[in-house]
Amino acid sequence: MPDSLSSHVAPATGWKGLRENWRSDFLAAISVSFVAMPLGLGVAVASGAPPISGLISAIIGGLVVTLFRGSHLAINGPAAGLIAVILSAIQLLDDGSGRAFNYMLAATVMAGFIQVIIGLLKWGYIADIIPSSVIQGVMVAIGIIIVSSQIYVACGITPGEGGTVKVLQEFITRIPEINPIIFLIAIVGITVMVVIPRSKTKILHFFPASLWVLVLSIPLVFIFDFFESHEVNLFNTSYHIGPEYLIKLPDDLTNAVLFPDFSRIGSVEFWIAVVTISLIASIQTLAMAKAVDKLDPYRRKTSLNRDLIGVGIGTMISGAVGGLPIITVIVRSTVNVTNNAKTKWSNFYHGLLILIFIVLLTPVIQMIPLAAFAAILVYIGFRLASPKVFRKIYDMGVEQLIFMVVTIIITLYTDLLWGILGGTLFTLLVHSLLARMPIRDFLKMATKSDTHLYNKTNNSYELRIRGIANFLSVLSINKLLKKIPNGADVTIDLSGTRLVGMTFMEKMVSFLQSQRDTGGLVTIIGLGSHVSSSMHNRALKIFLHPLPGKLSTRQVHLKVLADKLGATFDSHVDWNTSYLRNFQFFEIRPIERKDNCIRGAFEKLEVQWEIADVTFNEGAAFSAEVYHSTVMTIRLPKQLPKFVMQKEGVFDKIFDRVMAFSGYRDIDFQFYPTFSKRILLMGENEDKIRKFFTAGIIEFFESEPVQHIECNGEALLIFIKMKLAPTDAVEEVIDFSKRLTPKLLNR
Numbered sequence: 000m001p002d003s004l005s006s007h008v009a010p011a012t013g014w015k016g017l018r019e020n021w022r023s024d025f026l027a028a029i030s031v032s033f034v035a036m037p038l039g040l041g042v043a044v045a046s047g048a049p050p051i052s053g054l055i056s057a058i059i060g061g062l063v064v065t066l067f068r069g070s071h072l073a074i075n076g077p078a079a080g081l082i083a084v085i086l087s088a089i090q091l092l093d094d095g096s097g098r099a100f101n102y103m104l105a106a107t108v109m110a111g112f113i114q115v116i117i118g119l120l121k122w123g124y125i126a127d128i129i130p131s132s133v134i135q136g137v138m139v140a141i142g143i144i145i146v147s148s149q150i151y152v153a154c155g156i157t158p159g160e161g162g163t164v165k166v167l168q169e170f171i172t173r174i175p176e177i178n179p180i181i182f183l184i185a186i187v188g189i190t191v192m193v194v195i196p197r198s199k200t201k202i203l204h205f206f207p208a209s210l211w212v213l214v215l216s217i218p219l220v221f222i223f224d225f226f227e228s229h230e231v232n233l234f235n236t237s238y239h240i241g242p243e244y245l246i247k248l249p250d251d252l253t254n255a256v257l258f259p260d261f262s263r264i265g266s267v268e269f270w271i272a273v274v275t276i277s278l279i280a281s282i283q284t285l286a287m288a289k290a291v292d293k294l295d296p297y298r299r300k301t302s303l304n305r306d307l308i309g310v311g312i313g314t315m316i317s318g319a320v321g322g323l324p325i326i327t328v329i330v331r332s333t334v335n336v337t338n339n340a341k342t343k344w345s346n347f348y349h350g351l352l353i354l355i356f357i358v359l360l361t362p363v364i365q366m367i368p369l370a371a372f373a374a375i376l377v378y379i380g381f382r383l384a385s386p387k388v389f390r391k392i393y394d395m396g397v398e399q400l401i402f403m404v405v406t407i408i409i410t411l412y413t414d415l416l417w418g419i420l421g422g423t424l425f426t427l428l429v430h431s432l433l434a435r436m437p438i439r440d441f442l443k444m445a446t447k448s449d450t451h452l453y454n455k456t457n458n459s460y461e462l463r464i465r466g467i468a469n470f471l472s473v474l475s476i477n478k479l480l481k482k483i484p485n486g487a488d489v490t491i492d493l494s495g496t497r498l499v500g501m502t503f504m505e506k507m508v509s510f511l512q513s514q515r516d517t518g519g520l521v522t523i524i525g526l527g528s529h530v531s532s533s534m535h536n537r538a539l540k541i542f543l544h545p546l547p548g549k550l551s552t553r554q555v556h557l558k559v560l561a562d563k564l565g566a567t568f569d570s571h572v573d574w575n576t577s578y579l580r581n582f583q584f585f586e587i588r589p590i591e592r593k594d595n596c597i598r599g600a601f602e603k604l605e606v607q608w609e610i611a612d613v614t615f616n617e618g619a620a621f622s623a624e625v626y627h628s629t630v631m632t633i634r635l636p637k638q639l640p641k642f643v644m645q646k647e648g649v650f651d652k653i654f655d656r657v658m659a660f661s662g663y664r665d666i667d668f669q670f671y672p673t674f675s676k677r678i679l680l681m682g683e684n685e686d687k688i689r690k691f692f693t694a695g696i697i698e699f700f701e702s703e704p705v706q707h708i709e710c711n712g713e714a715l716l717i718f719i720k721m722k723l724a725p726t727d728a729v730e731e732v733i734d735f736s737k738r739l740t741p742k743l744l745n746r
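All residue numbers for the sequence shown refer to numbering that gives the first Met the number 0, where the first residue is 0 and numbers rise by one.
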């Protein structure tokens, strides 16, 4: 099956891209700016910075960084992931002079300068050497820090002093001090953040949930009159309400500019702040840039070193005029992609729109209570540190959970820099123990292993990896991978490894996906004699000569079904999922893998089919939702019109994004109201689809349960469930497909 991505010609770059795609980029930027403005204000407030500083960095992230960076669809600005960094830097540099924020601005300028140097030296690979679980641990710790600081604001309590753990412990004793009016605003805000993304009411999705929080908080400000200091009596208790609970923006924007103070440049504290800001910002920017590349429907790749240079320049300018550090932000970038942005200019427009909003809406913004921003940030902090994150890491191996928890503890009791260093050293120690080697031999084997790349015939390569393959090995492997041309077939042999770490496996999977996008096939072999710490394909693996694995109960049932149908069953992980990318649904959803494949045929129709469990992501990086779904593909012997159909109201959130990317609209049939009401039908060529959907086909679908069916012209994609399907559901969809296929082919 040809690669459908070739039918999507990548948009032009530079000024030509601006001329050709300005409309789609501008429309996407409107949605992005609606998300960016409340988040920018909230990040600044939570960081202990003037609220306007968050908007300054968002504006510069759009207007300036766009001109220098290497990314195509990413959005740049302040992010929740830097709240703990900025808050820590301000506290560290506070000498009682009232200039702590100005000192932090100076540290921001120097951090941006370091990022530019790193980019110029082409050291953008530095983020690869930090273990994935350690990075995840730092993000969880940041989430806890955000919640610990903002829960006080959400309750109308003066924040406690001391470290994060102490502040959280103290909050329990201060619950009786909660101001119920402030708390009401926060509860409404958190409820909105939870409910709106899950709502099926489409009008609520016109604005992002964070903007709804701000809009709904303003009537409460008027009801309780926050504009004048006064007392409100509730439950026989007096509670204070006043303008100090509202966000503060300068009426004259010229007063928004604050300048850095470099007078503490000779202190140790200053350089700790500089290193922490540059390290965390660089790690997040590089990780988010890679994540956004996976969402790009045109499979364009970011120049990571150039991206660091662009973000570094933006951070220097932002710090010089009173703004926060700038990074690539994943949530806003995801909004950008799903709203059909085409080029980097959508980032420019989003910065321009925020500038316009500030000029026109400052009086309105000044009416927003701090509790509304606290609600948004408590929700974000909880998402970063939710039980789901711990479960996700545990599924990758209990040792990964231990690495993450140790990193969290070190970070909460010290700071982010020590958290990264401590978590990395602990991971290294455990790896050496698992490999059963002295630490000196372990380090030597990890950094100077006998790994070679062999150029075979017919544009194919073999990469034989020996010794220890963990995060320390990534830099040397990167050099070898760069020698492999795009589109080449590669066999990666891991049979000679003593230990294969999760970070290393993530690098291999990333390379596999990158080669697949350019037409190459990557095969990973040699792990048959390794014990895996979990069933996850990226789990840590140790050479131990294990016994052959047994099939699960579900796999046994699937194999019995395959034998009954005269089909084949394969339980192993299959990395080659390139044909699935030929479907609209998967163009902006990175596919991890497929397994538990049943392959068969409707022989009389000359049709081959496959049912498999597919793991894919909705969103990216730390905000990604991982789905394990059972899908069926049917390869057709002739061309059919391209269409997408689904049951009305089913999977609204996830499938509406297909429509946003494709520009499809619902196709109704006047004389078949039942079909039109039950089923959402979309496609590229409405005339062809109307001619194709005869009375017989429409009546068939009226009487059958339809979840999601897509035709890319050469094959059908049928979602059985948005989760793993039981065996009886698999058998039912095979029967459904056997009756559907002749109706479509005999049309």
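Even for Gly, the Cβ is constructed at its ideal location relative to N, Cα and C.
Does residue i pass the burial test, meaning 16 or more other C-beta atoms within 10 Å, or should it be called exposed?
i           : result
residue 342 : buried
residue 733 : buried
residue 42  : buried
residue 582 : buried
residue 324 : buried
residue 165 : exposed
residue 227 : exposed
residue 657 : Here residue 657 scores only 45 on pLDDT, less than 50, and its place in the model should not be relied on; the value that follows carries that caveat. Result: buried.
residue 748 : In the structure as shown, the chain starts at 0 and stops at 746, and residue 748 therefore has no counterpart that could be examined.
residue 3   : Any reading at residue 3 must be qualified, since the residue scores a pLDDT of 41, below 50, and its modelled position is unreliable; the value itself is stated next. By the 10 Å Cβ count, residue 3 comes out buried.
residue 237 : exposed
residue 654 : At residue 654, the pLDDT of 45 sits below 50, so the modelled position is not reliable; the number obtained from the coordinates is stated separately. Classification for residue 654: buried.
residue 453 : exposed
Do you know whose CA, among the options, lies nearest residue i's CA?
i           : options            : result
residue 722 : 698, 627, 728, 700 : 627
residue 503 : 521, 514, 539, 489 : 539
residue 738 : 716, 710, 703      : 703
residue 104 : 89, 117, 118, 95   : 89
residue 284 : 303, 267, 293, 298 : 303
residue 30  : 143, 207, 451, 513 : 207
residue 314 : 418, 67, 636, 475  : 67
residue 242 : 366, 451, 108      : 366
residue 292 : 510, 484, 599, 684 : 510
residue 213 : 132, 196, 189      : 189
residue 82  : 127, 137, 119, 63  : 137
residue 640 : 597, 685, 625      : 685
What does DSSP give as the partner residue(s) for residue i in the beta ladder?
i           : result
residue 642 : 682, 710
residue 239 : 230
residue 310 : BP columns for residue 310 are empty, so no partner.
residue 67  : In the DSSP output, where bridge partners are listed per residue, residue 67 has none listed.
residue 488 : 459
residue 631 : 610, 717
residue 522 : 490
residue 573 : 593
residue 599 : 608
So residue i and residue j are in contact, right, with Cβ under 8 Å, and what is the actual spacing, rounded?
i           : j           : result
residue 378 : residue 192 : 4 Å
residue 374 : residue 185 : 5 Å
residue 244 : residue 181 : 6 Å
residue 398 : residue 198 : That belief does not hold up - the Cβ atoms of residue 398 and residue 198 are roughly 39 Å apart, past 8 Å.
residue 59  : residue 311 : Contact flag wrong, Cβ pair sits at about 12 Å.
residue 464 : residue 440 : Contact doesn't hold; Cβ gap of about 17 Å is too wide.
residue 614 : residue 591 : 4 Å
residue 537 : residue 501 : 5 Å
residue 86  : residue 46  : 5 Å
residue 740 : residue 572 : Actually they are not in contact, since the Cβ atoms of residue 740 and residue 572 sit about 28 Å apart, beyond 8 Å.
residue 209 : residue 38  : 6 Å
Using a Cβ-Cβ cut-off of 8 Å, state whether residue i counts as contacting chain B.
i           : result
residue 438 : You won't find chain B in this structure, because it holds only one protein chain.
So, do the stretch 105-113 and the stretch 266-274 have three or more beta carbon pairs nearer to each other than 8 Å? yes
Would you be able to state if there are at least three C-beta pairs under 8 Å between the stretch 335-353 and the stretch 15-34? yes
With a cut-off of 8 Å, do at least 3 Cβ pairs link the stretch 284-301 to the stretch 381-395? no
Cβ pair count under 8 Å reaching 3, the stretch 553-567 against the stretch 583-593: no
Counting beta carbon pairs with one atom in the stretch 415-431 and one in the stretch 166-179, are three or more of them shorter than 8 Å? no
Could you check whether the stretch 423-436 touches the stretch 149-167, counting it as contact only if at least three pairs of C-beta atoms, one from each stretch, sit closer than 8 Å? no
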